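Novice: Here's a structure for you.
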Amino acid sequence: MFDFFVINLQYVYLDYLKVNKMAKYNITERKEKEAAYRNLVNPKLMDDLKERILNIILFQKKFKDKDYSAKKLAEDLGTNTRYISAVVNVRFHTNYTTFVNKFRIDEAMTLLVDRRYRDLNMEDISDMVGFANRQSFYAAFYKFNGITPREYKLRHLAQHPQPDQKKGTKRERKA
Numbered sequence: 000m001f002d003f004f005v006i007n008l009q010y011v012y013l014d015y016l017k018v019n020k021m022a023k024y025n026i027t028e029r030k031e032k033e034a035a036y037r038n039l040v041n042p043k044l045m046d047d048l049k050e051r052i053l054n055i056i057l058f059q060k061k062f063k064d065k066d067y068s069a070k071k072l073a074e075d076l077g078t079n080t081r082y083i084s085a086v087v088n089v090r091f092h093t094n095y096t097t098f099v100n101k102f103r104i105d106e107a108m109t110l111l112v113d114r115r116y117r118d119l120n121m122e123d124i125s126d127m128v129g130f131a132n133r134q135s136f137y138a139a140f141y142k143f144n145g146i147t148p149r150e151y152k153l154r155h156l157a158q159h160p161q162p163d164q165k166k167g168t169k170r171e172r173k174a
């Protein structure tokens, strides 16, 4: 009986600490809320903007431009950033930065395993796909893939070794 009382007392104390710690640090539980502006864009306009956003970001490869912001996209589409944000949130289920970074990471994954680019360092690849710096490239790559770009490249090389080069030059083989 005494054990039961001690265990209950421990739970009460833990609850007390949790409540007081939350109050001490002014922590409140996060509530999911629907952004009102998302409902302001009619579905037909949203579908039209979705196609136009994809055309500019993906097909015109604006994702490679590190200075191409949601504001510039809105200007190019003749709309505002709230509409861009609403469309990206509702139609692509993400935010603008993550949306653009996904295309950058996909492009980087292609370049990392392409033999034509094997001599480039990570900073070169990062720059080619539109990241402002190597750190943001690594952070985004890891977020999407759970491994670093270097690990990705090494794994691919291990799984797909290059065909053996013929040993030596012609002169060495004749001798």
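All residue numbers for the sequence shown refer to numbering that gives the first Met the number 0, where the first residue is 0 and numbers rise by one.
A virtual CB, placed ideally from N, CA and C, is assigned to each residue, including glycine.
Being a predicted model, the structure only gives us computed values, none of them experimental.
Just to check my reading of the structure: Glu-106 and Val-87 have Cβ atoms closer than 8 Å, yes? What is that Cβ distance to the nearest angstrom?
Specialist: Looking up residue 106 in the sequence shown gives position 107. Looking up residue 87 in the sequence shown gives position 88. The pair is not a contact, with the Cβ atoms about 19 Å apart (cut-off 8 Å).
Novice: Do Lys-71 and Thr-80 have their CB atoms nearer than 7 Å?
Specialist: For this step, residue 71 is matched to residue 72 along the sequence shown. For this step, residue 80 is matched to residue 81 along the sequence shown. For Lys-71 and Thr-80, no; Cβs fall outside 7 Å.
Novice: Taking only the alpha-carbon atoms, compute the straight-line gap between Tyr-151 and Pro-42 and give it to the nearest angstrom.
Specialist: Position 152 of the sequence shown, counted from the start, is the residue given in the question as residue 151. Position 43 of the sequence shown, counted from the start, is the residue given in the question as residue 42. Approximately 39 Å between the Cα atoms of the pair.
Novice: Would you kindly report the start and end of the unbroken alpha helix (DSSP H) that includes Gln-134?
Specialist: As a first step, residue 134 is located in the sequence shown; it is residue number 135 there, counting from the start. 133 to 144 is the span of the alpha helix (DSSP H), which, as asked, contains Gln-134.
Novice: Mapping DSSP to helix, strand and coil, what is Tyr-67?
Specialist: Indexing the sequence shown from 1 puts residue 67 at position 68. If DSSP states are grouped into helix, strand and coil, Tyr-67 belongs with coil.
Novice: Within 10 angstroms of its Cβ, does Asn-54 collect 16 or more other Cβ (buried), or is it exposed?
Specialist: Working through the sequence shown from its first residue, we reach residue 54 at position 55. Per the 10 Å Cβ criterion, exposed.
Novice: In whole angstroms, what is the alpha-carbon distance linking Phe-102 and Arg-149?
Specialist: Locating residue 102 in the sequence shown gives position 103, counting from the first residue. Locating residue 149 in the sequence shown gives position 150, counting from the first residue. So the alpha carbons of these two residues sit roughly 18 Å apart.
Novice: Excluding sequence positions up to five away, which residues of its chain have a Cβ less than 8 Å from the Cβ of Phe-91?
Specialist: Taking the first residue of the sequence shown as position 1, residue 91 is located at position 92. Counting only Cβ-Cβ distances below 8 Å, and skipping sequence neighbours, we find Lys-49 and Phe-98.
Novice: Return the CA-CA distance between Asp-64 and Asp-75, expressed in angstroms with no decimal places.
Specialist: The residue given as residue 64 occupies position 65 in the sequence shown. The residue given as residue 75 occupies position 76 in the sequence shown. Taking the straight line from one Cα to the other gives about 14 Å.
Novice: Which first and last residues belong to the alpha helix (DSSP H) in which Lys-61 is found?
Specialist: In the sequence shown, the residue the question calls residue 61 occupies position 62. First-last for Lys-61: undefined, no H or E at that position.
Novice: Please state if the CB of Phe-140 and the CB of Ile-104 are separated by a distance shorter than 7 Å.
Specialist: Translated into the one-based positions of the sequence shown, residue 104 becomes position 105. Translated into the one-based positions of the sequence shown, residue 140 becomes position 141. Their beta carbons are under 7 Å apart, which means Ile-104 touches Phe-140 by this criterion.
Novice: What are the boundary residues of the alpha helix (DSSP H) that Arg-90 is part of?
Specialist: Counted from its first residue, the sequence shown places residue 90 at position 91. 80 to 91 is the extent of the alpha helix (DSSP H) around Arg-90.
Novice: Nearest CA to the CA of Leu-111: which residue from His-155, Phe-58, Asn-38 and Arg-51?
Specialist: As a working note, residue 111 is residue 112 in the sequence shown. When each option's Cα is compared against that of Leu-111, the closest is His-155.
Novice: Spatial neighbours of Tyr-82 within its chain, please: C-beta separation below 6 Å, excluding the five flanking residues on both sides.
Specialist: For the purposes of this step, residue 82 is identified with residue 83 of the sequence shown, where counting begins at 1. Result list for Tyr-82: Val-40, in chain order.
Novice: Tell me which residue opens and which closes the alpha helix (DSSP H) that Val-112 is part of.
Specialist: In the sequence shown, residue 112 corresponds to position 113, counting from 1. Note, Val-112: alpha helix (DSSP H), 95 to 112.
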